[in-house]
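Note sheet for the following structure.
Protein chains: 2
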Amino acid sequence: VRAIGLQRFPAGIPETDDFVLLDLPSPPLNAGGVRIALKFLSLDPYLRGVISGRHLGHAIALGDVIPGGGVGVVVESDHADWRVGDWVQAETGWRDEAVLPADRLRRLPASVPPSTALGVLGMPGLTAFVGVQDILRPAPAQTIVVSAALGPVGGTVAQLCKRAGARVVGIAGGATKCRLAVERLGYDACIDYRDDHFVAELQRACPERIDGYFDNVGGRVLDVVLGHLNLHARVALCGLIDQYNRAERPPGPNLGPVIAARATLTGLVVYDHFDRLPHMLDALLPLVAERQIDYLEDISHGLTSTPQAFVRLMRGDNIGKALVAL
Amino acid sequence: VRAIGLQRFPAGIPETDDFVLLDLPSPPLNAGGVRIALKFLSLDPYLRGVISGRHLGHAIALGDVIPGGGVGVVVESDHADWRVGDWVQAETGWRDEAVLPADRLRRLPASVPPSTALGVLGMPGLTAFVGVQDILRPAPAQTIVVSAALGPVGGTVAQLCKRAGARVVGIAGGATKCRLAVERLGYDACIDYRDDHFVAELQRACPERIDGYFDNVGGRVLDVVLGHLNLHARVALCGLIDQYNRAERPPGPNLGPVIAARATLTGLVVYDHFDRLPHMLDALLPLVAERQIDYLEDISHGLTSTPQAFVRLMRGDNIGKALVAL
Numbered sequence: 001v002r003a004i005g006l007q008r009f010p011a012g013i014p015e016t017d018d019f020v021l022l023d024l025p026s027p028p029l030n031a032g033g034v035r036i037a038l039k040f041l042s043l044d045p046y047l048r049g050v051i052s053g054r055h056l057g058h059a060i061a062l063g064d065v066i067p068g069g070g071v072g073v074v075v076e077s078d079h080a081d082w083r084v085g086d087w088v089q090a091e092t093g094w095r096d097e098a099v100l101p102a103d104r105l106r107r108l109p110a111s112v113p114p115s116t117a118l119g120v121l122g123m124p125g126l127t128a129f130v131g132v133q134d135i136l137r138p139a140p141a142q143t144i145v146v147s148a149a150l151g152p153v154g155g156t157v158a159q160l161c162k163r164a165g166a167r168v169v170g171i172a173g174g175a176t177k178c179r180l181a182v183e184r185l186g187y188d189a190c191i192d193y194r195d196d197h198f199v200a201e202l203q204r205a206c207p208e209r210i211d212g213y214f215d216n217v218g219g220r221v222l223d224v225v226l227g228h229l230n231l232h233a234r235v236a237l238c239g240l241i242d243q244y245n246r247a248e249r250p251p252g253p254n255l256g257p258v259i260a261a262r263a264t265l266t267g268l269v270v271y272d273h274f275d276r277l278p279h280m281l282d283a284l285l286p287l288v289a290e291r292q293i294d295y296l297e298d299i300s301h302g303l304t305s306t307p308q309a310f311v312r313l314m315r316g317d318n319i320g321k322a323l324v325a326l
Numbered sequence: 327v328r329a330i331g332l333q334r335f336p337a338g339i340p341e342t343d344d345f346v347l348l349d350l351p352s353p354p355l356n357a358g359g360v361r362i363a364l365k366f367l368s369l370d371p372y373l374r375g376v377i378s379g380r381h382l383g384h385a386i387a388l389g390d391v392i393p394g395g396g397v398g399v400v401v402e403s404d405h406a407d408w409r410v411g412d413w414v415q416a417e418t419g420w421r422d423e424a425v426l427p428a429d430r431l432r433r434l435p436a437s438v439p440p441s442t443a444l445g446v447l448g449m450p451g452l453t454a455f456v457g458v459q460d461i462l463r464p465a466p467a468q469t470i471v472v473s474a475a476l477g478p479v480g481g482t483v484a485q486l487c488k489r490a491g492a493r494v495v496g497i498a499g500g501a502t503k504c505r506l507a508v509e510r511l512g513y514d515a516c517i518d519y520r521d522d523h524f525v526a527e528l529q530r531a532c533p534e535r536i537d538g539y540f541d542n543v544g545g546r547v548l549d550v551v552l553g554h555l556n557l558h559a560r561v562a563l564c565g566l567i568d569q570y571n572r573a574e575r576p577p578g579p580n581l582g583p584v585i586a587a588r589a590t591l592t593g594l595v596v597y598d599h600f601d602r603l604p605h606m607l608d609a610l611l612p613l614v615a616e617r618q619i620d621y622l623e624d625i626s627h628g629l630t631s632t633p634q635a636f637v638r639l640m641r642g643d644n645i646g647k648a649l650v651a652l
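Protein chains in written order, with this note's numbering: chain D, 1 to 326; chain W, 327 to 652.
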């Protein structure tokens, strides 16, 4: 069995010398096991985190085989469900042959090419499907933006959003990719983030601003898109390619832990909710009247004390609600 | 009528000389109008954005009266609903007397001190109420963290979350504030963000990590809390005091526009959703089989091409799903 192992931990963008070709003994077929000759290996951006030990839960040591999905054909089977010649998908790692227990295998449909089990009909396609259903929830005539527009996640997100009636704008690197996004994947437009006029071009492609954004990259692209969101926009935070190859995290609020926690951040502006003031008063007024809900006040006296009281508020020197009594 | 106007646009933290005392003619009482002698003026952090012209929609010019909420007593009325002596709340600005149309006035309940209409039972209380109901949704035994813990928003958020059975940890500046948060507002603990051991103390106060965070400040405090979120945590982005007094925005993804757009950012990790693979295949397999959903593949050949193919993926040089065919 030949395999690709980790030779050294990459610094920055990986180099081919970070990897090494391994020649491993062919494992015996244990009871209930299945031997697979691999036909396709999946390469995915999340592996960059794995080989630095930064991915959720996963981490590998020097000399280990690089993990990842594979598609192959059964060449030997000790399990009744699997026959020689069956196409399967499994987590195999970067190797040309794998022996796995039968319950770790997924059967491939015959109606599509087997490689799709690693892309549009595999983990990336599922990512897109869930992101569109749960987070983006596109509606007709809305504008949805997708970064890494040609990848198996972005490409599937875009086509699902198009089918929901949305206008879909891609973001990709380079003119060739942007042309293919429109011609092959049905994007209404695709903007080159490497272009000097990226921001202006994105604005031009999104004249009604942005209702949903599927983010695979983070960094400047995310920041620019956040600046063009419509009211109540939804953003799926799914990838941070921009920082996978950095040794140190970029400055500013780090959204990596937000992805890891599957957390939700929501902007709150009270102006939208004045119609709920009566409900709030129904709930809180009796509690405040009975001092079951307490409050602190920081009271300055006299109109001319107002500027100084505001300066204190800005310095955080007040304790509780800042008021001026006249 | 005396009022406080804007003398010059503040640079950084405002100074008292940025403001000026104005002596304005007392306006006549128009038909249906009400004259109010103000008793309390509200000072709120959002005003820092207003006096720099950066707040949503609002902006003021040099010489203008600073806007803001006020509470006062009716001293003259041309409207049947309002009598001399009634307590009212309104948007009055920083002045000692105001004339307003009757439909801009809110009547105050007699059961609580009038000043509460600017705090716990006013706009800040409504902010807290909506944020807890719509975004934090605290459940018993969950850990909720609140920054600007003693303010009228934070203090109300905390007590509503306590009433829902959550454990509530505040973040404030200085030992005095932290003590008052626990003694007066019922926080289970309150951590001083100025303390050298802020991160360690926060971790100690949140041994089960953080299920909900009400953010009034942004900056480093937000970043630290994001690093300690539990799975499916909720974060209400409500204020950015940390950057209100900065001329230039800090580096990294800017969450100000996320607040302005009332947008929702949600972390997506596909590992949680493998049970939905059959649903995804039901939806997508026929479409892919009929090429109604298309995809792009970037195929390298041979196991030894894998490292180079991965390097290309990391450089963004691939077009479509990166695969190695064996």
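All C-beta atoms, glycine included, are put in the ideal place defined by N, C-alpha and C. Bear in mind that the values here come from a model prediction, so they are computed numbers and not experimental data.
* Inter-residue spacing [alpha-carbon to alpha-carbon] between Ile-144 (chain D) and Pro-253 (chain D) -> If you number the first sequence from 1, residue 144 (chain D) lands on position 144. If you number the first sequence from 1, residue 253 (chain D) lands on position 253. Cα to Cα, the separation comes out at about 24 Å.
* To do: Use the C-beta contact count for Ser-26 (chain D): other C-beta atoms within 10 angstroms, 16 or more gives buried, fewer gives exposed.
  => Locating residue 26 (chain D) in the first sequence gives position 26, where the first residue counts as 1. When all chains shown are included, Ser-26 (chain D) counts as exposed.
* **Between the CA atoms of Asp-196 (chain D) and Arg-167 (chain D) - distance to the nearest angstrom** => As a first step, residue 167 (chain D) is located in the first sequence; it is residue number 167 there, counting from the start. As a first step, residue 196 (chain D) is located in the first sequence; it is residue number 196 there, counting from the start. Each residue's Cα considered, the two are about 24 Å apart.
* In this structure, does DSSP put Val-269 (chain D) in helix, strand or coil? -> The residue labelled residue 269 (chain D) in the question sits at position 269 within the first sequence. It is coil, neither helix nor strand.
* **Short Cβ contact (8 Å threshold) for Ile-339 (chain W) with Gly-398 (chain W)** => Within the second sequence, numbered from 1, the residue matching residue 339 (chain W) stands at position 13. Within the second sequence, numbered from 1, the residue matching residue 398 (chain W) stands at position 72. Going by C-beta atoms, Ile-339 (chain W) is not nearer than 8 Å to Gly-398 (chain W).
* Asked: Is Ser-111 (chain D) close to chain W, meaning its C-beta is less than 8 Å from at least one C-beta of that chain?
  -> Reading the first sequence from its first residue, position 111 is the one you call residue 111 (chain D). Cβ-Cβ to chain W under 8 Å: yes for Ser-111 (chain D).
* Shorter than 8 Å from the beta carbon of Thr-143 (chain D) to some beta carbon of chain W? -> Translated into the one-based positions of the first sequence, residue 143 (chain D) becomes position 143. Chain W, which has no Cβ nearer than 8 Å to the Cβ of Thr-143 (chain D), makes this no.
* Asked: Between the C-alpha atoms of Gly-445 (chain W) and His-279 (chain D), what's the straight-line distance to the nearest angstrom?
  -> By one-based count along the second sequence, residue 445 (chain W) stands at place 119. By one-based count along the first sequence, residue 279 (chain D) stands at place 279. Roughly 16 Å separates the two Cα atoms.
* Please name the residue or residues paired with Asp-460 (chain W) in a DSSP beta bridge. => Mapped onto the second sequence, residue 460 (chain W) falls at position 134. BP columns for Asp-460 (chain W) are empty, so no partner.
* C-alpha gap between Ile-259 (chain D) and Leu-594 (chain W), whole angstroms -> Position 259 of the first sequence, counting from 1, holds the residue named residue 259 (chain D). Position 268 of the second sequence, counting from 1, holds the residue named residue 594 (chain W). Ile-259 (chain D) and Leu-594 (chain W): Cα-Cα distance of roughly 6 Å.
* Which of the residues in the stretch 98-122 of chain D, read from start to end, lie with their CB under 7 Å from any CB of chain W? -> Pro-109, Ser-111, Val-112, Ser-115, Thr-116, Leu-118, Gly-119, Val-120, Leu-121
* **Cβ contact (3+ pairs, closer than 8 Å) linking the stretch 432-439 of chain W and the stretch 457-477 of chain W** => no
* Is the CB of Cys-532 (chain W) under 8 Å away from at least one CB in chain D? -> Here residue 532 (chain W) refers to the residue found at position 206 of the second sequence. Output row for Cys-532 (chain W): interface = no.
* Bridge partners of Ala-98 (chain D), per DSSP? -> The sequence position of residue 98 (chain D) within the first sequence is 98, counting from 1. BP columns for Ala-98 (chain D) point to D:Ile-36.
* Asked: In three-state terms, what does DSSP make of Cys-564 (chain W)?
  -> Within the second sequence, residue 564 (chain W) is the residue found at index 238, counting from 1. Three-state result, Cys-564 (chain W): coil.
* To do: Report the residue from D:Thr-176, D:Gly-186, D:Pro-207 whose alpha carbon sits nearest the alpha carbon of Asp-192 (chain D).
  => Numbered from 1 along the first sequence, position 192 holds the residue referred to as residue 192 (chain D). Of the listed residues, the one whose Cα sits closest to Asp-192 (chain D) is D:Thr-176.
* **Asp-412 (chain W) (DSSP reduced to helix, strand or coil)** => In the second sequence, the residue the question calls residue 412 (chain W) occupies position 86. It is coil, neither helix nor strand.
* Asked: How many angstroms separate the CA atom of Val-637 (chain W) from the CA atom of Glu-623 (chain W)?
  -> By one-based count along the second sequence, residue 637 (chain W) stands at place 311. By one-based count along the second sequence, residue 623 (chain W) stands at place 297. Looking at the two C-alpha atoms, the distance is approximately 16 Å.
* **Residues from the stretch 453-468 of chain W in contact with chain D, defined by Cβ distance under 7 Å** => Thr-453, Phe-455, Val-456, Gly-457, Ile-461
* Inter-residue spacing [alpha-carbon to alpha-carbon] between Gly-93 (chain D) and Gly-68 (chain D) -> Working through the first sequence from its first residue, we reach residue 93 (chain D) at position 93. Working through the first sequence from its first residue, we reach residue 68 (chain D) at position 68. Spanning the two alpha carbons is a distance of roughly 4 Å.
* Asked: Are Val-392 (chain D) and Cys-190 (chain D) touching if we call contact CB-CB under 8 Å?
  -> Since the first residue shown for chain D is 1 and the last is 326, residue 392 (chain D) is missing from the structure and cannot be characterised.
* Take the Cβ of Pro-152 (chain D) as the centre, count every other Cβ of all protein chains shown within 10 Å, and call the residue buried at 16 or more, exposed below. => Along the first sequence, one-based indexing puts residue 152 (chain D) at 152. Its Cβ being crowded by 16 or more others within 10 Å, Pro-152 (chain D) is buried.
* Asked: Mind pulling the chain D residues with CB within less than 9 Å of Thr-590 (chain W)?
  -> Counting from one through the second sequence, the residue named residue 590 (chain W) turns up at place 264. What Thr-590 (chain W) touches in chain D: Ile-135, His-232, Ala-233, Arg-234, Val-235, Thr-264, Leu-265, Thr-266, Gly-267.
* Proximal residues of chain D, C-beta to C-beta of Phe-345 (chain W) below 7 Å -> Position 19 of the second sequence holds residue 345 (chain W). Here the neighbours are Pro-307.
* Could you work out which residue in W:Trp-413, W:Lys-647, W:Leu-652 is closest to Ala-148 (chain D) when comparing CA atoms only? => By 1-based counting over the first sequence, the position of residue 148 (chain D) is 148. Nearest option by C-alpha distance: W:Lys-647.
* Please work out which residues of its chain come closer than 6 Å, Cβ to Cβ, to Ser-437 (chain W), disregarding the five sequence neighbours upstream and downstream, and give them in chain order. => Taking the first residue of the second sequence as position 1, residue 437 (chain W) is located at position 111. Nothing meets the Cβ criterion.
* Asked: Is there at least one non-hydrogen atom of the ligand HEM closer than 7 Å to the beta-carbon of Leu-287 (chain D)?
  -> Looking for the ligand HEM in the displayed structure turns up nothing, as the structure carries no ligands at all.
* **Range covered by the alpha helix (DSSP H) that runs through Leu-47 (chain D)** => Counting from one through the first sequence, the residue named residue 47 (chain D) turns up at place 47. That run of the alpha helix (DSSP H) goes 46-50.
* To do: Report the option in D:Tyr-187, D:Arg-234, D:Gln-308, D:Cys-238 whose CA atom is closest to the CA atom of Val-324 (chain D).
  => Residue mapping note: residue 324 (chain D) aligns to position 324 of the first sequence, counting from 1. Per the Cα distances, D:Gln-308.
* **Neighbour flag for His-627 (chain W) against chain D, beta carbons, 8 Å** => One-based indexing of the second sequence puts residue 627 (chain W) at position 301. Cβ-Cβ to chain D under 8 Å: no for His-627 (chain W).
* How far does the beta strand (DSSP E) with Ile-497 (chain W) in it reach, from first residue to last? -> Translated into positions along the second sequence, residue 497 (chain W) becomes position 171. Here the beta strand (DSSP E) through Ile-497 (chain W) covers 493-498.
* Asked: Within the 8 Å Cβ cut-off, does Ser-52 (chain D) reach chain W?
  -> Taking the first residue of the first sequence as position 1, residue 52 (chain D) is located at position 52. Ser-52 (chain D) does not count as touching chain W.
* C-beta atoms of Ile-210 (chain D) and Val-225 (chain D) nearer than 8 Å -> Here residue 210 (chain D) corresponds to residue number 210 of the first sequence, with the count starting at 1. Here residue 225 (chain D) corresponds to residue number 225 of the first sequence, with the count starting at 1. For Ile-210 (chain D) and Val-225 (chain D), yes; Cβs fall inside 8 Å.
* Asked: How do the stretch 1-13 of chain D and the stretch 78-87 of chain D stand: do at least 3 beta-carbon pairs fall below 8 Å, yes or no?
  -> no
* Asked: Under 8 Å Cβ-Cβ, which residues of chain D neighbour Gln-569 (chain W)?
  -> Taking the second sequence and counting its residues from 1, the one referred to as residue 569 (chain W) is at position 243. Chain D residues near Gln-569 (chain W): none, gap ~11 Å exceeds 8 Å.
* **chain W contact residues for Thr-92 (chain D), given Cβ-Cβ distances below 7 Å** => Taking the first sequence and counting its residues from 1, one reaches residue 92 (chain D) at position 92. Here the premise fails: no neighbours, minimum Cβ distance about 11 Å.
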